[in-house]
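As structure tokens, the structure follows; a few thoughts come after it.
Residue numbers (this note's numbering): 1 to 110.
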């Protein structure tokens, strides 16, 4: 990292912001630029409030939030599908799949 940085102060600054960069393989560090490590540290810094909040909440709360977000996403998807099908039905273009009759057109009432 010192060879990439060119000076001790710059290398120390990167290590203080992102100590995990020291676990990178030597050949990976040698082919990188100091800016790459700075960008990685920027991403980590931007995510820190969220990861700190998740750490404080605990694993059960994180799993609960993930389940709630997934359920909300499925609900939004179901709503979109229903809206699409409703629009197709009102246009007379919805196909109805019946298990014993196969596919048939649903005609709009006149």
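Cβ coordinates follow ideal geometry from the N, Cα and C atoms, glycine included. Treat the numbers as computed from the prediction; the structure is a model and nothing was measured.
At a Cβ-Cβ threshold of 9 angstroms, residue 34 and residue 14 count as neighbours.
Rounded to whole angstroms, residue 61 and residue 10 show a C-alpha spacing of 39 angstroms.
The three-state reading of DSSP puts residue 51 in helix, counting H, G and I together. Under the three-state reduction of DSSP, residue 83 is assigned to helix. By the CB criterion at 9 angstroms, residue 17 and residue 44 fall inside the cutoff.
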